[in-house]
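Since the structure comes first, as structure tokens, the remarks are kept for the end.
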């Protein structure tokens, strides 16, 4: 009997040792690359560096971001932080790692795009008869559109799709042709300038005299020179200081009507929050929604996205969207942590609008 008990105790002891050994086996090892791997406080390229990990450093993996780009790790010394997954050799399946709830779900930008009706297809077909180019879009707006952080990085190849790799085909589609000065993403629009309002866009004196005809408005000049199938339109951040919703509705309606006459699908975008003008912003955004629905044209609810971000996704001037730490180089980096910045979210929502249009409207009907 004593022998049996002794054997059982030995078995239990060895089993416990085996479990303990299994739990302490490193789940990841830093692979060799040019330099030491940065251990960061949060999963972002610009986050504070907590330390450096030499090649072959053993790590315990605690969690991951929802897109699997970053791993939360603990070193043998007990230090914790975040590292890029591409520099870690794992001894387990990435999909089995728990997702950190603070960096869990990629932003659902597609849910902010609506109004892709059969009318949009009819507009597109009319535009094709008028000679518009299916793989070209125009940008219409103010300083938030003119800013180099809006779409330009995508046009110059400086982007990281993160969990949104399914957007690559639409980027390829709109990158293949010259709009006027560049592909559509990086093209210099004739219908967007700093400080512009809805009525500014409709005045011939604001058109570029070097490329526009006498008496031609900036919007008509852009459409004639570029021949787009789609126009991404966001105006109102400046209008809210100078006009009420009724007058704004008149001018925005004229912009939509001119677009329709040219066979261009107008994609209207709600304007971001602006502290001190809450009532006016709400009224203009309601007007944008009503104009979009009345004309059965697409809508991107950028305001709804910005309202969820820290400081409403605004920069220190409380007018323009916030810029990510890497500036131009990070404005189209769609990894989870970077989506708290206003310009990053603008690019992501616009890409989803273009992707939905391309798939549901522009492609040939079977």
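Numbering (the numbering used here), first residue to last: 1275 to 1640. By construction, the Cβ of each residue, glycine as well, lies at the ideal position given by its N, Cα and C atoms.
Assignment of beta-bridge partners to residue 1332 by DSSP yields 1303.
If you draw a 10 Å sphere on the C-beta of residue 1355, you find 16 or more other C-beta atoms in it, and that means buried. Residue 1371 is a Cβ neighbour of residue 1338, given a cutoff of 8 Å. Secondary structure note for residue 1426: its alpha helix (DSSP H) is the uninterrupted segment 1426 to 1429. Under DSSP, residue 1355 takes part in a beta bridge, and its partners are 1347.
For residue 1416, the secondary structure class from DSSP, reduced to helix, strand or coil, is coil.
With a cut-off of 8 Å on Cβ pairs, the segment 1533 to 1544 is in contact with the segment 1396 to 1409, counting three or more such pairs. Taking the Cα of residue 1424 as reference, the smallest distance to any Cα among 1594, 1564, 1382 is reached at 1594. Residues of the same chain with a CB within less than 8 Å of the CB of residue 1576, apart from the 5 flanking positions on each side, are 1386, 1508, 1543, 1544, 1545, 1546, 1619, 1620, 1623 in chain order. Rounded to whole angstroms, the separation of the alpha carbons of residue 1473 and residue 1485 is 21 Å. Distance check between residue 1439 and each of 1616, 1607, 1590, 1632 places 1607 closest, using alpha-carbon atoms only. In this structure the segment 1427 to 1438 does not lie against the segment 1526 to 1534, because fewer than three pairs of beta carbons, one per stretch, are closer than 8 Å.
Comparing C-alpha distances from residue 1568 to each of 1597, 1552, 1531, 1591 shows the shortest one belongs to 1531. When only Cα atoms are considered, residue 1610 and residue 1374 end up about 11 Å apart. Within the same chain, Cβ atoms closer than 8 Å to the Cβ of residue 1635 are found at 1390, 1394, 1395, 1398, 1539, the five residues on either side in sequence being excluded.
Annotation: residue 1435 is outside any beta strand (DSSP E) and is labelled neither H nor E by DSSP. For residue 1361, there is no enclosing alpha helix (DSSP H), since its DSSP letter is neither H nor E. Contact between residue 1448 and residue 1463 fails: their C-beta atoms lie close to 14 Å from each other, not under 8 Å. Taking the CA atoms as reference points, residue 1411 sits about 38 Å from residue 1345.
Here residue 1326 is bridged, per DSSP, to 1312. The beta carbon of residue 1381 lies closer than 6 Å to those of 1613 in the same chain, with the five residues before and after it left out. Non-local C-beta neighbours of residue 1589 in its own chain, meaning closer than 6 Å and more than five positions away in sequence, comprise 1596, ordered along the chain.
In this structure residue 1392 is exposed. Its beta-carbon is surrounded by fewer than 16 other beta-carbon atoms within 10 angstroms.
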